[in-house]
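Student: Pasting a structure below so you can have a look.
Number of protein chains: 2
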Amino acid sequence: MYRALADPTRRAILDELQDRSGQTLFELCVRLTGRGFTSTRQAISQHLGVLAEAGLVVIRREGRYMFIDLDTSPLQQIYQRWRVTPCESDT
Amino acid sequence: MYRALADPTRRAILDELQDRSGQTLFELCVRLTGRGFTSTRQAISQHLGVLAEAGLVVIRREGRYMFIDLDTSPLQQIYQRWRVTPCESDT
DNA sequence: ACAATAGGCAAGCATCCGCTTGCCTGTCAA
DNA sequence: TTGACAGGCAAGCGGATGCTTGCCTATTGT
Numbered sequence: 001m002y003r004a005l006a007d008p009t010r011r012a013i014l015d016e017l018q019d020r021s022g023q024t025l026f027e028l029c030v031r032l033t034g035r036g037f038t039s040t041r042q043a044i045s046q047h048l049g050v051l052a053e054a055g056l057v058v059i060r061r062e063g064r065y066m067f068i069d070l071d072t073s074p075l076q077q078i079y080q081r082w083r084v085t086p087c088e089s090d091t
Numbered sequence: 101m102y103r104a105l106a107d108p109t110r111r112a113i114l115d116e117l118q119d120r121s122g123q124t125l126f127e128l129c130v131r132l133t134g135r136g137f138t139s140t141r142q143a144i145s146q147h148l149g150v151l152a153e154a155g156l157v158v159i160r161r162e163g164r165y166m167f168i169d170l171d172t173s174p175l176q177q178i179y180q181r182w183r184v185t186p187c188e189s190d191t
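Dropping the structure here:
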C-alpha cells in the first residue's frame, strides 16, 4: 500500500475519487485528462489494480460498468505506525 | 516523500529511528542487520538521502559522526490530503 | 441481430530504482 | 604522524515498474 501511494497518477486518482466517489473508469479517464494527465485507459486500469490490491479503492461491478469507490481507511496504518501527532488545524 | 515511504528498508529505518532517534549511520546499519536486513552502509546512506530529501529525517553532523533524527511531521500531509478519520483507538 | 460501448488480458519496451563495487576524504586516537 | 574509523561520491548492473499496443469479451441500445 505504501508502494501504491508512490505514483503521482495513482495519487491523482485518489484525489479525483475523493472529489467524487463511485466514478466509472471512463469518467476517471476523462476527468484525469482534464487535469493534465495523459494516461490511457489501460494505464488507469492498471493503476486501479494496484490501488485495489492496497485496499485504497473498492471496485464494484454492475452490468457493463465498473464503479470505483474510495477507501482511505488503510492510511490509518501510517499514523498508527509512526504515531503522528495530528496538528491543531485538523478538526 | 510518498516515494520515500515506498521502500521496505526505508520504512524499517523510520521504525528504528522511532525506537531510538539520533542514531549514527553505523548504529543504524548494525541494528538493521540485527533485524534481518542485509543492506550495506552505502545502501543505507542512499536511503537516508531519500528520506532527508523527503524531510522525514534530519541529518546533523558532528565531527566524524552523523546523527540522524526522525521527523514525522511531513506525514501529516497524507491525512490532510485525504481527510483520514482517525479511529477511536488512536488516543 | 449487430454495432457500439465499457472494460480485460498479455506481451513488449523504456525507464527508474535499489544495490553493489571501488575508491576517496576527513576526523580522531595512539 | 600515521593508521584506523566514519562517511562520501560515482559508475555500473539487474530487476521492478509504468506505459503502450494489439486484440479479445461482454453488455446494451436500436
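Taken in sequence, the protein lines are chains B and W.
Going by our numbering, the residue at position 10 of the first sequence is 10; the numbering climbs one at a time, nothing skipped.
Every number in our numbering is 100 more than the matching position in the second sequence, counting from 1.
Don't be surprised by glycine CBs; every beta carbon is placed ideally from N, CA and C.
Computed from a prediction, not measured in an experiment: that's the story for all the values here.
1) Using a Cβ-Cβ distance cut-off of 8 Å, determine whether B:Ala6 contacts chain W.
2) Name the chain W residues whose beta carbon is nearer than 7 Å to that of B:Ile78?
3) Run through the DSSP bridge pairs and tell me what B:Thr24 is partnered with.
4) Look up B:Arg35 in the DSSP assignment and say whether it is helix, strand or coil.
5) Give me the subset of the segment 7–26 of chain B whose CB atoms are less than 7 Å from a CB atom of chain W, sorted by chain position.
6) Straight-line CA distance for B:Asp7 to B:Leu51?
7) Starting from B:Tyr2, find everything on chain W with Cβ-Cβ shorter than 7 Å and list it in chain order.
8) Relative to the alpha-carbon of W:Ala104, which residue among W:Gln146, W:Ile168, W:Arg183 has its alpha-carbon at the smallest distance?
9) Report the neighbours of B:Val84 on chain W: residues whose CB is nearer than 7 Å to its CB, in chain order.
10) Flag this pair as touching only if the segment 12–24 of chain B and the segment 55–72 of chain B have three or more C-beta atom pairs under 8 Å; answer yes or no.
Tutor: According to the structure data:
1) Mapped onto the first sequence, residue 6 of chain B falls at position 6. So yes, B:Ala6 belongs to the interface.
2) Along the first sequence, read from residue 1 onward, the residue named residue 78 of chain B stands at position 78. In chain order: Leu175, Ile178.
3) The count along the first sequence starts at 1 and reaches residue 24 of chain B at position 24. Bridge partners of B:Thr24: B:Phe67.
4) Numbered from its first residue, the first sequence carries residue 35 of chain B at position 35. Note: B:Arg35 maps to coil in three-state DSSP.
5) Arg11, Leu14, Gln18
6) In the first sequence, counting from the first residue as 1, residue 7 of chain B sits at position 7. In the first sequence, counting from the first residue as 1, residue 51 of chain B sits at position 51. Cα-Cα distance, rounded: 10 Å.
7) Translated into positions along the first sequence, residue 2 of chain B becomes position 2. Listed along chain W are Leu105, Ala106, Arg111, each with a C-beta nearer than 7 Å to that of B:Tyr2.
8) Within the second sequence, residue 104 of chain W is the residue found at index 4, counting from 1. Selected option, being the one with the closest Cα: W:Gln146.
9) Residue mapping note: residue 84 of chain B aligns to position 84 of the first sequence, counting from 1. Simply Thr172, Leu175, Gln176.
10) With a cut-off of 8 Å, the segment 55–72 of chain B and the segment 12–24 of chain B count as touching, because enough Cβ pairs lie within range.
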